[in-house]
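Novice: The numbers in our numbering rise by one with no breaks, and the one at position 154 of the sequence shown is 154. C-beta atoms are modelled at their ideal positions from N, C-alpha and C, and glycine is treated no differently. Take a look at this one; I'll ask things after.
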Amino acid sequence: MAISGKTRVCGVIGDPIEHTLSPTIHNAAFNHLNLDFVFLAFRVKAADLEKAIQGMRGLGIHGLNVTMPHKSTVISFLDEVDPTVKFLGSANTILNKEGRLSGFNTDGVGALKALRENGAELSEKKVLLLGAGGAAKAIAFALAEVGELVVLNRTADKAKELAAVLGQRFGKKVVGGPLSSDTVQKNLRDSDILINSTKVGMHPHENQTIVEPQWLRSDLTVMDIVYNPIETRLAKDAKAAGAKVISGVEMLIYQGAASFELWTSRSAPIEVMRRAALNRLSGAGASK
Ligand code: ATR
């Protein structure tokens, strides 16, 4: 890659940031399409966020991904945000269009594409979503077309609150409740799709899972948003039960692809991005 005076700069801001996969994924895509772009990671402390966004304006940085802990606080420093960001209260992508900073959130669309592109049928299906954090909210919001949605969370109030907001928004049945062996087992019985959006099973707790192997079935689609390890305990158990399994790498890739498309107006080279992410993940431990 030849960097010149015309090279457009994109990046990711967060804290911590040293294990981010985003430079690997985006630089692989820029190179593949011969785009004169480069992608860097910036560690930005919470107290420095406003200065960082001013720096984006001052330096003419073209696009940024935003990760923990800035996804909500960044909104007040942008010029405009799309309706998804307004609903979620969090942004993960910024586009600098001739000095105007626009905020987007590609997590939900990333999850939706990960499901669809891997053959999951969503229309009128029952989805059991574990977790009610930021990722869960984005995923739930993107699942408008499903028939029924049940959200279970360790902190039950968060699941109930999310279910109430979504039920109002979609005008359909959305139920929220506590996450326990009983509630998971019971709800899984008539679910078509199970999505784990909690951090359970993430490195260094690879052996943890919420779902007992005997509850899994071959007619289930199981998506785990955890991508480190690449194959979580839940994914292994689901595979052993003959279920369709979609790994967290898929959501990571498709949300990255949606950001890439906002910055470049080009179709993202999904397979190149996937290979780059998997290469990195199969080497040293990493996180977004
Ligand atoms: P993210 O942006 O990745 O969604 P988050 O907003 O911090 O991160 O949400 C983390 C989710 O994982 C929450 O649903 C959290 O449950 P609580 O709301 O009760 O905290 C869930 N989670 C994290 N550790 C968990 C554990 N050990 N068991 C069950 N749920 C867990």
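#1: Compute the beta-carbon to beta-carbon distance between residue 67 and residue 12, rounded to the nearest angstrom, for a pair I have assumed lies under 8 Å.
#2: Taking three-plus beta-carbon pairs below 8 Å as touching, is the segment 235-243 in contact with the segment 253-266?
#3: Going by the beta-carbon positions, is the gap between residue 108 and residue 75 smaller than 9 Å?
#4: Alpha carbon to alpha carbon, how far is residue 222 from residue 22? Give it in angstroms, no decimals.
#5: How would you call residue 198, buried or exposed, if buried means at least 16 neighbouring beta carbons within 10 angstroms?
#6: Between the C-alpha atoms of residue 240 and residue 193, what's the straight-line distance to the nearest angstrom?
#7: Does DSSP classify residue 187 as helix, strand or coil?
#8: Output yes or no for whether 9 Å exceeds the beta carbon distance between residue 226 and residue 200.
#9: Reducing DSSP to helix, strand and coil, say where residue 92 ends up.
#10: In angstroms with no decimal places, state the Cα-to-Cα distance between residue 29 and residue 247.
#11: Which same chain residues, not among the five before or five after residue 286, have their C-beta less than 7 Å away from its C-beta?
#12: Skipping 5 residues on each side, what residues in its chain have a beta carbon closer than 7 Å to that of residue 69?
#13: Only counting the same chain, and skipping five residues up and downstream in sequence, which positions put a Cβ closer than 8 Å to that of residue 187?
#14: For the putative contact between residue 134 and residue 160, defined by C-beta atoms under 8 Å, what is the C-beta separation to the nearest angstrom?
#15: Taking the continuous beta strand (DSSP E) assigned at residue 68, which residues delimit it?
#16: Tell me which same chain residues have a C-beta within less than 6 Å of the C-beta of residue 209, skipping the five on either side of it?
#17: Could you say which of 130, 137, 98 lies nearest to residue 90 if we only look at CA atoms?
#18: Take residue 87 and list the residues in its own chain whose beta-carbon comes closer than 8 Å to its own, dropping the five residues that flank it on each side.
#19: Where DSSP assigns a beta bridge to residue 126, which residues make up the other side?
#20: Taking only runs of the beta strand (DSSP E) that begin and end inside the segment 14-65, which ones reach a length of at least 3 residues, in chain order?
#21: Can you name the residues that DSSP bridges to residue 178?
#22: Taking 8 Å as the cut-off, is the beta-carbon of residue 252 closer than that to any non-hydrogen atom of the ligand ATR?
#23: Have a look at the DSSP bridge pairing and note the partners of residue 81.
#24: With a cut-off of 8 Å on the beta carbons, I'd call residue 111 and residue 139 a contact; round off their distance for me.
#25: Give the C-beta separation of residue 101 and residue 154 to the nearest angstrom, bearing in mind that I take them to be a contact with Cβ-Cβ under 8 Å.
Specialist: Well, looking at it:
#1: 6 Å
#2: no
#3: no
#4: Approximately 25 Å between the Cα atoms of the pair.
#5: The residue is buried, with at least 16 neighbouring Cβ atoms inside 10 Å.
#6: 16 Å
#7: Reduced to three states, the DSSP call for residue 187 is helix.
#8: yes
#9: Shown here, residue 92 sits in coil according to DSSP, grouped into three states, outside any helix or strand.
#10: 20 Å
#11: Low confidence applies here, because residue 286 scores a pLDDT of 48, under 50, leaving its location unreliable and the question unanswered by this model.
#12: 15, 46
#13: 128, 150, 152, listed in sequence order.
#14: Cβ atoms of residue 134 and residue 160 stay farther apart than 8 Å, at about 17 Å.
#15: Looking at the DSSP string, residue 68 is not in any beta strand (DSSP E), and its letter there is neither H nor E.
#16: Within the same chain, residue 209 has close Cβ partners 201, 233, 234.
#17: 137
#18: 141, 169
#19: 148
#20: 37-43
#21: 153
#22: no
#23: 103
#24: 4 Å
#25: With a Cβ gap of about 35 Å, residue 101 and residue 154 do not count as contacting.
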